[in-house]
Amino acid sequence: MFSNLSALYNRTFRASVLKVVLAHTSSHSKQHFHRSFLRMTQTHSTLNVVSTSNAPAAIGPYAQAIKAGDLLFLSGCIPLNPKGELVGEGDVVVQTRQALANLKAVIEAGGSELGKVVKTTVFLKSMNDFATVNGIYAEFFGKHTPARSAVEVARLPKDVLVEVEAIASLK
4 MFSNLSALYN
14 RTFRASVLKV
24 VLAHTSSHSK
34 QHFHRSFLRM
44 TQTHSTLNVV
54 STSNAPAAIG
64 PYAQAIKAGD
74 LLFLSGCIPL
84 NPKGELVGEG
94 DVVVQTRQAL
104 ANLKAVIEAG
114 GSELGKVVKT
124 TVFLKSMNDF
134 ATVNGIYAEF
144 FGKHTPARSA
154 VEVARLPKDV
164 LVEVEAIASL
174 K
(Lines of atoms letter the chains of each structure in order from A; the text may use other names.)
(Lines give C-alpha, C1' and ligand atoms only; values in the text may rest on other atoms or scores of the structure.)
Protein backbone atom coordinates (compact mmCIF):
# COMPACT_ATOMS: atom_id res chain seq x y z
CA MET A 4 0.00 0.00 0.00
CA PHE A 5 2.86 2.41 0.76
CA SER A 6 4.13 1.99 -2.80
CA ASN A 7 0.67 2.98 -4.13
CA LEU A 8 0.72 6.18 -2.09
CA SER A 9 4.29 6.83 -3.13
CA ALA A 10 3.31 6.52 -6.80
CA LEU A 11 0.51 9.04 -6.29
CA TYR A 12 2.85 11.58 -4.70
CA ASN A 13 5.57 10.94 -7.31
CA ARG A 14 3.08 11.74 -10.08
CA THR A 15 2.28 15.07 -8.44
CA PHE A 16 5.99 15.82 -8.01
CA ARG A 17 6.71 15.00 -11.67
CA ALA A 18 3.91 17.35 -12.77
CA SER A 19 5.51 20.15 -10.73
CA VAL A 20 8.90 19.43 -12.28
CA LEU A 21 7.35 19.50 -15.77
CA LYS A 22 5.99 23.01 -15.21
CA VAL A 23 9.38 24.32 -14.07
CA VAL A 24 11.33 22.64 -16.87
CA LEU A 25 8.93 23.74 -19.61
CA ALA A 26 9.09 27.32 -18.40
CA HIS A 27 12.86 27.33 -19.06
CA THR A 28 13.26 25.40 -22.33
CA SER A 29 13.03 26.08 -26.06
CA SER A 30 9.91 25.25 -28.09
CA HIS A 31 11.52 22.20 -29.80
CA SER A 32 12.83 20.86 -26.50
CA LYS A 33 9.44 21.40 -24.89
CA GLN A 34 7.69 19.24 -27.49
CA HIS A 35 10.19 16.39 -27.11
CA PHE A 36 10.24 16.59 -23.30
CA HIS A 37 6.45 16.77 -23.07
CA ARG A 38 5.96 13.69 -25.31
CA SER A 39 8.41 11.58 -23.31
CA PHE A 40 7.06 12.90 -20.01
CA LEU A 41 3.50 11.94 -20.94
CA ARG A 42 4.60 8.37 -21.64
CA MET A 43 6.04 8.17 -18.10
CA THR A 44 2.96 9.42 -16.29
CA GLN A 45 0.18 7.01 -17.13
CA THR A 46 -2.02 5.99 -14.20
CA HIS A 47 -0.57 2.82 -12.68
CA SER A 48 -2.64 -0.33 -13.10
CA THR A 49 -3.03 -0.66 -9.31
CA LEU A 50 -4.87 2.67 -9.18
CA ASN A 51 -8.42 3.26 -10.34
CA VAL A 52 -9.72 6.66 -11.38
CA VAL A 53 -13.18 7.52 -10.02
CA SER A 54 -15.46 9.80 -11.99
CA THR A 55 -19.14 10.66 -11.64
CA SER A 56 -21.48 12.99 -13.48
CA ASN A 57 -23.25 13.62 -10.14
CA ALA A 58 -20.44 16.03 -9.20
CA PRO A 59 -18.63 18.63 -11.30
CA ALA A 60 -15.84 17.37 -13.52
CA ALA A 61 -12.30 18.16 -12.47
CA ILE A 62 -11.33 21.68 -13.56
CA GLY A 63 -7.69 20.73 -14.08
CA PRO A 64 -5.39 17.78 -14.69
CA TYR A 65 -6.59 15.65 -11.80
CA ALA A 66 -9.22 13.04 -11.01
CA GLN A 67 -12.29 13.47 -8.83
CA ALA A 68 -10.91 10.57 -6.79
CA ILE A 69 -8.42 7.71 -6.95
CA LYS A 70 -8.83 4.24 -5.47
CA ALA A 71 -5.54 2.97 -4.05
CA GLY A 72 -5.81 -0.38 -2.30
CA ASP A 73 -8.50 -0.17 0.36
CA LEU A 74 -8.57 3.63 0.36
CA LEU A 75 -10.34 6.25 -1.69
CA PHE A 76 -8.56 9.61 -2.02
CA LEU A 77 -10.86 12.47 -3.01
CA SER A 78 -9.68 15.67 -4.60
CA GLY A 79 -10.94 18.88 -3.10
CA CYS A 80 -14.65 19.46 -3.71
CA ILE A 81 -15.74 23.02 -4.32
CA PRO A 82 -19.26 24.46 -4.63
CA LEU A 83 -19.88 23.90 -8.31
CA ASN A 84 -23.03 22.12 -9.43
CA PRO A 85 -22.64 19.00 -11.60
CA LYS A 86 -22.72 21.25 -14.70
CA GLY A 87 -19.64 23.07 -13.36
CA GLU A 88 -21.42 26.30 -12.44
CA LEU A 89 -20.62 28.12 -9.20
CA VAL A 90 -23.46 28.13 -6.68
CA GLY A 91 -24.03 30.50 -3.77
CA GLU A 92 -21.60 33.21 -4.73
CA GLY A 93 -20.59 34.94 -1.48
CA ASP A 94 -22.82 32.63 0.62
CA VAL A 95 -20.76 30.25 2.77
CA VAL A 96 -23.85 28.24 3.83
CA VAL A 97 -24.92 27.44 0.25
CA GLN A 98 -21.32 26.83 -0.83
CA THR A 99 -20.58 24.46 2.06
CA ARG A 100 -23.70 22.40 1.39
CA GLN A 101 -22.84 22.11 -2.32
CA ALA A 102 -19.20 21.19 -1.66
CA LEU A 103 -20.31 18.47 0.78
CA ALA A 104 -22.97 17.20 -1.65
CA ASN A 105 -20.23 16.87 -4.27
CA LEU A 106 -18.04 15.07 -1.73
CA LYS A 107 -20.83 12.58 -1.03
CA ALA A 108 -21.44 11.97 -4.74
CA VAL A 109 -17.78 11.19 -5.38
CA ILE A 110 -17.50 8.99 -2.27
CA GLU A 111 -20.51 6.96 -3.38
CA ALA A 112 -19.23 6.74 -6.97
CA GLY A 113 -15.99 5.38 -5.55
CA GLY A 114 -17.81 2.57 -3.73
CA SER A 115 -17.67 3.96 -0.21
CA GLU A 116 -20.02 5.88 2.07
CA LEU A 117 -19.96 8.83 4.44
CA GLY A 118 -19.63 6.58 7.50
CA LYS A 119 -16.32 5.28 6.11
CA VAL A 120 -14.66 8.67 5.72
CA VAL A 121 -11.41 8.49 7.66
CA LYS A 122 -10.08 12.04 7.26
CA THR A 123 -11.17 15.35 5.78
CA THR A 124 -9.45 18.63 5.20
CA VAL A 125 -11.56 21.77 5.06
CA PHE A 126 -10.07 24.81 3.36
CA LEU A 127 -11.68 28.14 4.25
CA LYS A 128 -11.18 31.51 2.64
CA SER A 129 -11.89 33.05 6.06
CA MET A 130 -11.61 31.44 9.48
CA ASN A 131 -14.49 33.76 10.44
CA ASP A 132 -16.71 31.23 8.63
CA PHE A 133 -15.45 28.31 10.76
CA ALA A 134 -18.45 28.11 13.12
CA THR A 135 -20.95 28.24 10.25
CA VAL A 136 -19.10 25.63 8.20
CA ASN A 137 -18.56 23.48 11.29
CA GLY A 138 -22.31 23.41 12.00
CA ILE A 139 -23.17 22.33 8.45
CA TYR A 140 -20.33 19.78 8.50
CA ALA A 141 -21.66 18.33 11.79
CA GLU A 142 -25.18 17.98 10.33
CA PHE A 143 -23.76 16.39 7.18
CA PHE A 144 -21.71 13.70 8.94
CA GLY A 145 -24.15 13.17 11.83
CA LYS A 146 -22.73 10.94 14.56
CA HIS A 147 -19.73 9.96 12.43
CA THR A 148 -16.76 12.18 13.22
CA PRO A 149 -13.82 11.59 10.89
CA ALA A 150 -10.42 13.05 11.69
CA ARG A 151 -10.28 16.56 10.27
CA SER A 152 -8.07 19.55 9.66
CA ALA A 153 -9.48 23.01 8.93
CA VAL A 154 -7.25 25.73 7.58
CA GLU A 155 -7.63 29.25 6.28
CA VAL A 156 -6.05 29.81 2.89
CA ALA A 157 -5.33 32.94 0.89
CA ARG A 158 -7.34 31.87 -2.14
CA LEU A 159 -9.30 28.90 -3.47
CA PRO A 160 -10.10 27.84 -7.05
CA LYS A 161 -12.81 29.97 -8.68
CA ASP A 162 -12.58 32.26 -5.61
CA VAL A 163 -14.94 30.01 -3.64
CA LEU A 164 -15.26 30.28 0.12
CA VAL A 165 -14.81 26.60 1.02
CA GLU A 166 -13.23 23.40 -0.33
CA VAL A 167 -13.33 19.95 1.25
CA GLU A 168 -11.18 16.91 0.47
CA ALA A 169 -11.37 13.46 2.03
CA ILE A 170 -9.89 10.01 2.41
CA ALA A 171 -12.39 7.15 2.83
CA SER A 172 -12.09 3.46 3.50
CA LEU A 173 -13.36 1.00 0.93
CA LYS A 174 -13.64 -1.88 3.44
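Heads up: the sequence shown at position 35 corresponds to 38 in the numbering used here, and the numbers run straight through without jumps.
Each residue gets a CB set at the ideal place from its N, CA and C atoms; glycine is no exception.
Whole-angstrom distance between residue j and residue i, CA atom to CA atom
i           : j           : result
residue 160 : residue 57  : 20 angstroms
residue 134 : residue 120 : 21 angstroms
residue 71  : residue 46  : 11 angstroms
residue 124 : residue 146 : 18 angstroms
residue 48  : residue 54  : 16 angstroms
Under 8 angstroms between C-beta atoms of residue i and residue j
i           : j           : result
residue 110 : residue 117 : yes
residue 80  : residue 105 : yes
residue 59  : residue 83  : yes
residue 149 : residue 122 : yes
residue 173 : residue 73  : yes
Distance cut-off 7 angstroms: residue i Cβ against heavy atoms of the ligand GDP
i           : result
residue 131 : In terms of ligand content, the structure shown is empty, and the ligand GDP therefore cannot be addressed.
Backbone secondary structure at residue i - three-state DSSP
i           : result
residue 108 : helix
residue 163 : coil
residue 136 : helix
residue 141 : helix
Specify whether the region 95 to 105 and the region 156 to 168 touch according to this definition: at least 3 beta carbon pairs, one from each stretch, less than 8 angstroms apart.
yes
Within the chosen definition, does the region 65 to 74 reach the region 138 to 153 through at least 3 CB pairs nearer than 8 angstroms?
no
Quick one: which unbroken alpha helix (DSSP H) runs of 4-plus residues sit fully inside the region 71 to 134? Chain order, please.
95 to 112
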